[in-house]
Amino acid sequence: MLSIYFHRPLLILLALGFVSGVPFLLTLSTLSFWLTELHVSKSVIGLFMLASLPYSLKFLWSPFIDSFSIPYLTRIFSRRKSWSLLAQAGIFISIIALGLSNPEKNLFLTGTFAFLVSFFAATQDIITDAYRIELLHEKSTGAGAAMETIGFRLGMLTSGAGTLYLAACLNWTLAYCLTALTGILGIIAVLMLKEPIHKATKHTQNIKDKPPLTFISSFYQVYSNSWKDLLTKSYFPYLLLFIFCFKMGDTVLNSMSTPFLYELGFTKIEYANVTKFFGISMMVSGGLIGGILIHQLGIIQTLVMCATLQTLSCLMFMIQAQVGHVMSALVITIAVESFCSGLCSTAFIAYLSKFCKAPFTASQFTLLYSVGSLSRVLISTGSGWIADTYGWMVLFFLSSLFSVPILYLVVKIKRQQRHASNQPLV
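In this note's numbering, the protein residues as written are 177 to 602.
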């Protein structure tokens, strides 16, 4: 069954996911660790979290990437490759610049370079998602989502644990500069990919050839055409509800598990050993199994399984709250939660990809995924209040209930699609 992963496009997607994952923690926890060592105040470190804003706002420039070409580069490398190579170069240069900056002397400069790292990395995410949707057959959608997700997690592990290890052995500047070298893998992967073939539109043009007034009207039409087809679908409101309900359980457990386990008395070492290395292993396993299940059973059946497992994950945390500081229970709880997280991430990405159509795949997928990111922020904010007011048991129980409407919403979306296309429900 694992043979579905051993195809050249999927292995390249693994590499692209890895390169996209590396910059993520370089501007978050790894950078926070560096600033903490320099005794920067917690308030300032909190403001540095704004550097990751491009990940939540990347839907704003994704239509631009879908519709416009880069002068000269597009003629040499093709449109998608030219954007990807530009993003890769931006990641490489901005990570080195971030490493060479001196936060002790100029925090603003460090923050600027951190923002640029996030911007170019978010741009690369847009292009990688477009590649995955446009190049893979429908049967390979799950495998592609799994490989990209696993690559991203491995990239996060590299820039988290790996960069910290390099900083401990060498220094922060060398650690960031050496980590930036992973970008070479991304450039090689992009050059090995084939350019997706789809019909050109009148909006797919070189911006340099347009006078200002025509450019403005064309730019407006690019955004309109990119999102109009998706936003006007009758199933779109149900799709938004699906995203919110599907993200509820996973978001609550990811955002609130650390304070929950701390309150139960687990030490940093116990937490790190179980949640980081063991948890990431289970997450990767869940992602791989998710791709296989989608290939064998289809996306609808896999989503039903994910909803069931999300409920089980929340119930495991309820059991952990009852038994307290018990390592064997923690291992089982983290195993279920991490496996479910990997499986659900693969199914979620594969399902959203089905609603994105060329030549605006990057714009439409980024818009839907950004709704998921916004849901994550809203859910994380409210979950802390519920835990403080009503306790952990109530929070985990309420989170489990949000898995119930998922099956109804999936069927409702399918019926709306059938009604629009006059096709039988299968």
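Don't be surprised by glycine CBs; every beta carbon is placed ideally from N, CA and C.
If you're wondering where the values come from, they're calculated on a predicted model, not measured in any experiment.
Residue i versus the options, residue with shortest Cα-Cα distance
i      : options                        : result
Gly338 : Pro199, Leu554, Phe289         : Pro199
Ala343 : Ala227, Leu189, Glu213         : Glu213
Gly560 : Thr487, Thr434, Ser521, Asn449 : Thr434
Tyr352 : Ala563, Phe418, Gly558, Leu202 : Leu202
Ala227 : Tyr181, Leu357, Ala297, Thr250 : Ala297
Pro230 : Ile302, Gly425, Leu491, Asn282 : Ile302
His183 : Leu417, Met494, Leu311         : Leu311
Phe493 : Ile555, Leu506, Gly467, Thr484 : Leu506
Ser504 : Ile456, Ser243, Tyr447         : Tyr447
Gly558 : Leu469, Gly425, Asn347, Ala483 : Gly425
Leu204 : His215, Ala191, Leu192, Phe224 : Phe224
Phe253 : Cys345, Phe209, Ile363         : Ile363
Leu186 : Thr443, Asp305, Trp210         : Asp305
Leu417 : Gly466, Phe209, Leu429, Val586 : Val586
Gln405 : Leu543, Ser232, Thr250         : Here residue 405 is Asp; the residue named in the question, Gln, does not match the sequence. The residue with the shortest Cα to Cα distance from Asp405 is Leu543.
Tyr341 : Ala322, Phe209, Thr317, Phe295 : Phe209
Delimiting residues of the alpha helix (DSSP H) encompassing residue i
i      : result
Gly518 : 503-529
Ser579 : Careful: Ser579 lies outside any alpha helix (DSSP H) and carries neither H nor E.
Pro199 : 184-202
Ile499 : The residue you asked about is not Ile; residue 499 is Val in the sequence shown. Residues 475-499.
Gly359 : 359-368
Ala263 : 255-276
Trp210 : 205-213
Met332 : 317-333
Trp348 : 348-356
Leu223 : 218-223
Tyr307 : 283-311
Pro230 : 229-233
Cys345 : 339-345
Paired residues, beta bridge with residue i - DSSP
i      : result
Ser606 : Residue coverage of the chain in this structure runs from 177 to 602, which leaves residue 606 outside it and unanswerable.
Assumed close pair residue i, residue j - CB separation to whole angstroms, cut-off 8 Å
i      : j      : result
Gly463 : Ser521 : 6 Å
Phe573 : Cys421 : Going by Cβ atoms, the distance from Phe573 to Cys421 rounds to 15 Å, so no, they are not a contact pair.
Lys588 : Tyr414 : 5 Å
Arg308 : Leu189 : 6 Å
Ile603 : Ala538 : Look at the range of the chain in this structure, 177 to 602, and you will see that residue 603 is not part of it.
His215 : Lys315 : Incorrect: roughly 54 Å between the Cβ atoms, too far for contact.
Leu331 : Gly500 : The sequence as given places Gly at residue 331; Leu does not occur at that position. Not quite, the Cβ-Cβ distance comes to about 35 Å (not below 8 Å), so this is no contact.
Ile419 : Ser551 : 6 Å
Thr349 : Gly275 : 5 Å
Ala319 : Tyr181 : 6 Å
The ligand MN heavy atom lying under 6 Å from the CB of residue i
i      : result
Thr250 : Looking at this structure, you won't find the ligand MN or any other ligand, since it has none at all.
Per the contact definition of three or more C-beta pairs closer than 8 Å, is the stretch 362-372 in contact with the stretch 233-246? no
Touching or not, the stretch 219-227 and the stretch 512-527, by the rule of three or more beta carbon pairs under 8 Å? no
With three or more beta-carbon pairs closer than 8 Å as the criterion, would you say the stretch 438-445 touches the stretch 575-593? no
Are the stretch 328-336 and the stretch 471-488 touching, with three or more C-beta to C-beta distances below 8 Å? no
Would you call the stretch 273-292 and the stretch 319-334 in contact, with 3 or more CB pairs under 8 Å? no
Do the stretch 250-269 and the stretch 359-367 make contact, defined as three or more Cβ pairs closer than 8 Å? yes
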